[in-house]
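S.K.: Below you will find the structure I want to go over with you.
Numbering (the working numbering), first residue to last: -8 to 224.
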């Protein structure tokens, strides 16, 4: 089975976590794309009664095109679950996210959700986080100063993410610094706290203790992994 087909199956399988009447966070990324498409199909063909809060403009546009009803995050008291992708998942179900530059919105939606379901391929499973560069959202003002402070704090190389020869601008108008730590983040909670203490850092692409279930795509198909003592255990 190709990895693309496995990702499609994992994205569809994640929809089995959804029940009629739920308010959903709709994540961002190539695998979650399949989830949004399947949710829209079930909404139209099976009468699945759901509304979604998108974590990015791209997901908003996809859901709107498919006719899946959306609401603003501020219009709901809480979300039942969020289904999202990840750039890395460690053995404790901690995540690195932000490769798609939507980490601030993704974390706001995850924080407002009763549970978090991640859809990813098995190349994203790691023993220790950090091989994937850690995305850090920063303010445009003083971004060079903030980038240097991040590099000094983490003791690693950093890069300002670019697009069309300009600093990439997130959906919230901020920039992204990628920290090339290598697979060294053995205490991601401490790393997150130290970064958030820097003026200029808006949010960090570490999602600690948020993920409850991973629908993992591999060569043999899709597998459901559950975090022990998680909210969906």
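Yeah, the Cβ is synthetic: ideal placement off N, Cα and C, and Gly gets one too.
Here the structure is a predicted model, which is why all the values come from computation and not from measurement.
#1: Specify, as a first and last residue, the run of the alpha helix (DSSP H) that residue 102 falls within.
#2: Specify the secondary structure class of residue 215 as computed by DSSP and reduced to three states.
#3: Whose C-alpha, out of 218, 115, 173, is nearest the C-alpha of residue 147?
#4: What did DSSP end up calling residue 15 once you bin it into helix, strand or coil?
#5: Compare the beta carbon distance of residue 184 and residue -2 with 9 Å and say whether it is the shorter of the two.
#6: Less than 7 Å between C-beta atoms, sequence neighbours within five positions excluded: which residues of the same chain meet that for residue 194?
#7: Using 9 Å as the threshold, is the C-beta distance between residue 135 and residue 109 below it?
#8: Taking the alpha helix (DSSP H) that residue 75 belongs to, which residues open and close that run?
#9: Is residue 106 near residue 215, with beta carbons less than 9 Å apart?
#10: List the whole-angstrom C-beta distance separating residue 152 from residue 159, where the pair is believed to meet the contact cut-off of C-beta under 8 Å.
#11: Do three or more CB pairs link the stretch 116 to 125 to the stretch 5 to 18 at distances below 8 Å?
#12: Apart from the five residues on each side of it in sequence, which residues of its chain come closer than 6 Å, Cβ to Cβ, to residue 57?
#13: To the nearest angstrom, how far is it from the Cα of residue 141 to the Cα of residue 186?
#14: I need the DSSP call for residue -4, collapsed to helix, strand or coil.
#15: Quick one, which of 211, 166, 205 has its alpha-carbon nearest residue 83's?
#16: Could you have a look at residue 80 and say whether DSSP puts it in helix, strand or coil?
#17: Let's see if you can read the secondary structure: which residues bound the beta strand (DSSP E) around residue 194?
#18: Quick check on the DSSP output: the alpha helix (DSSP H) that includes residue 285 runs from which residue to which?
M.R.: The answer reads as follows:
#1: 94 to 102
#2: strand
#3: 173
#4: strand
#5: no
#6: 94, 95, 98, 128
#7: no
#8: Counting along the chain, residue 75 falls outside any alpha helix (DSSP H), though it belongs to the beta strand (DSSP E) covering 72 to 75.
#9: no
#10: 4 Å
#11: no
#12: 31
#13: 7 Å
#14: helix
#15: 205
#16: strand
#17: 192 to 195
#18: The question about residue 285 has no answer, for the chain in this structure spans -8 to 224.
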